[in-house]
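A.B. asks: I'd like to ask some things about the structure below.
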Ligand SMILES: [Mg+2]
């Protein structure tokens with residue numbers, strides 16, 4: 000066992016999806032869109048289309064004067080500020096480090112988008128913080144995991160990868176020999192799909208597993 004854990008950020012340590020919903024509520028209040036308007040925004044988020052198409056649909060629906068790019072700028076400015084660190088994460092990371100663990104943050108988000116989400120000293124609780132825009136590769140590329148371990152002064156053998164994305168975090172970590180914990184948020188696993196090492200519904204359940212690991 001290697002006391003080294005790499006964490007994803009969005010929907011693993013901070014509730015980024017919840018932040019999108021809080022932005023919808025904010026927009027609904029600011030522009031008097033009403034309950035039906037909020038319902039439209041929530042439905043739009045579920046539609047499998049590009050962000051550009053989605054912003055255009057919202058503008059058309061409500062007659063906003065912004066262009067899709069301008070609405071996207073508002074979204075990118077507000078959503079990180081509306082995100083919250085999940086309960087207990089800061090204390091749990093502090094305790095993990097006090098017990099001799101090395102910790103890293105590895106996100107496919109860009110520094111400018113992710114920094115505003117890392118409030119209350121979250122960023123100080125990692126030996127290494129790695130944003131996608133600073134490096135030539137992203138999760139699940141094996142090289143990005145190796146680079147983070149190198150910077151932490153350790154290896155990946157027996158180390159831990161924790162995240163909510165089966166593709167980026169769990170498949171990526173497993174491919175380089177890490178133990179994996181999938182933060183499911185209550186989502187079921189697909190039949191015949193990838194099997195994570197362990198499954199928890201929220202990040203609070205991750206830390207007892209790490210403390211118990213041998
Ligand atoms: Mg994530």
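Residue numbers (my numbering): 0 to 213.
Glycine included, every Cβ here is placed at the ideal spot set by N, Cα and C.
(1) Report the partner residues of residue 178 according to the DSSP bridge assignment.
(2) What does the alpha-carbon distance come out to for the pair residue 141 and residue 86?
(3) With a Cβ-Cβ cutoff of 8 Å, do residue 102 and residue 206 count as a contact?
(4) Please state the DSSP three-state secondary structure of residue 14.
(5) Can you list, in chain order, the residues of its chain whose CB lies under 6 Å from that of residue 200, leaving out five sequence neighbours each side?
(6) Could you tell me the alpha carbon to alpha carbon distance between residue 64 and residue 115, rounded to whole angstroms?
(7) DSSP three-state call for residue 5: helix, strand or coil?
(8) Is residue 11 near ligand 1, judged by its Cβ being under 7 Å from some heavy atom?
(9) Go ahead and pull the three-state DSSP assignment for residue 275.
(10) Just to confirm, are residue 107 and residue 145 a CB contact at a threshold of 8 Å?
(11) Which whole-angstrom value describes the C-beta separation of residue 13 and residue 82, a residue pair presumed to lie in contact below a C-beta threshold of 8 Å?
(12) May I ask whether a heavy atom of ligand 1 can be found less than 7 Å away from the beta carbon of residue 185?
(13) Under the three-state reduction of DSSP, which class applies to residue 101: helix, strand or coil?
(14) From the DSSP output, which residues share a beta bridge with residue 130?
(15) Taking buried to mean at least 16 other C-beta atoms within 10 Å of its own C-beta, is residue 188 buried or exposed?
(16) Out of curiosity, what's the CA-to-CA distance linking residue 27 and residue 158?
(17) What does a CB cutoff of less than 6 Å around residue 154 pick up in its chain, not counting 5 residues either side in sequence?
(18) Return yes when the C-beta of residue 164 is under 7 Å from any heavy atom of ligand 1, and no when it is not.
(19) Kindly identify the DSSP beta-bridge partner or partners of residue 197.
(20) At a cut-off of 7 Å, is residue 132 close to ligand 1 when judged by its beta-carbon and the heavy atoms of the ligand?
(21) Compare the beta carbon distance of residue 119 and residue 11 with 8 Å and say whether it is the shorter of the two.
C.D. replies: Per the coordinate set shown:
(1) If you number the chain shown from 1, residue 178 lands on position 179. Note: residue 178 sits in a beta bridge opposite 159.
(2) Within the chain shown, numbered from 1, the residue matching residue 141 stands at position 142. Within the chain shown, numbered from 1, the residue matching residue 86 stands at position 87. Distance between the alpha carbons of residue 141 and residue 86: 30 Å.
(3) Within the chain shown, numbered from 1, the residue matching residue 102 stands at position 103. Within the chain shown, numbered from 1, the residue matching residue 206 stands at position 207. Residue 102 places its beta carbon 8 Å or farther from that of residue 206.
(4) As a position in the chain shown, residue 14 is number 15, starting the count at 1. If DSSP states are grouped into helix, strand and coil, residue 14 belongs with coil.
(5) Within the chain shown, numbered from 1, the residue matching residue 200 stands at position 201. Counting only Cβ-Cβ distances below 6 Å, and skipping sequence neighbours, we find 183, 185.
(6) Stepping through the chain shown from its first residue, residue 64 is reached at position 65. Stepping through the chain shown from its first residue, residue 115 is reached at position 116. Answer to the nearest angstrom: the Cα atoms are 27 Å apart.
(7) Position 6 of the chain shown, counting from 1, holds the residue named residue 5. Strand, per DSSP.
(8) Here residue 11 refers to the residue found at position 12 of the chain shown. Because some heavy atom of ligand 1 lies under 7 Å away, the Cβ of residue 11 counts as near it: yes.
(9) With the chain covering 0 to 213 only, the question about residue 275 has no answer from this structure.
(10) In the chain shown, residue 107 corresponds to position 108, counting from 1. In the chain shown, residue 145 corresponds to position 146, counting from 1. Cβ atoms of residue 107 and residue 145: not closer than 8 Å.
(11) On the chain shown, position 14 is the one that residue 13 refers to. On the chain shown, position 83 is the one that residue 82 refers to. Contact holds; Cβ gap of about 5 Å.
(12) The count along the chain shown starts at 1 and reaches residue 185 at position 186. Because no heavy atom of ligand 1 lies under 7 Å away, the Cβ of residue 185 does not count as near it: no.
(13) For the purposes of this step, residue 101 is identified with residue 102 of the chain shown, where counting begins at 1. The DSSP-derived three-state label of residue 101 is strand.
(14) If you number the chain shown from 1, residue 130 lands on position 131. Answer is 106.
(15) Position 189 of the chain shown, counted from the first residue, corresponds to residue 188. Exposed is the call here.
(16) Reading the chain shown from its first residue, position 28 is the one you call residue 27. Reading the chain shown from its first residue, position 159 is the one you call residue 158. Distance between the alpha carbons of residue 27 and residue 158 is about 44 Å.
(17) The residue given as residue 154 occupies position 155 in the chain shown. These residues qualify, in order along the chain: 148.
(18) For the purposes of this step, residue 164 is taken as the residue at position 165 of the chain shown. It does: the Cβ of residue 164 is within 7 Å (strictly closer) of some heavy atom of ligand 1.
(19) As a working mapping, residue 197 is identified with position 198 in the chain shown. Looking at the DSSP assignment, residue 197 forms a beta bridge with 180.
(20) Along the chain shown, one-based indexing puts residue 132 at 133. Residue 132 Cβ: outside cutoff for every heavy atom of ligand 1.
(21) On the chain shown, position 120 is the one that residue 119 refers to. On the chain shown, position 12 is the one that residue 11 refers to. Result no, Cβ atoms of residue 119 and residue 11 do not sit closer than 8 Å.
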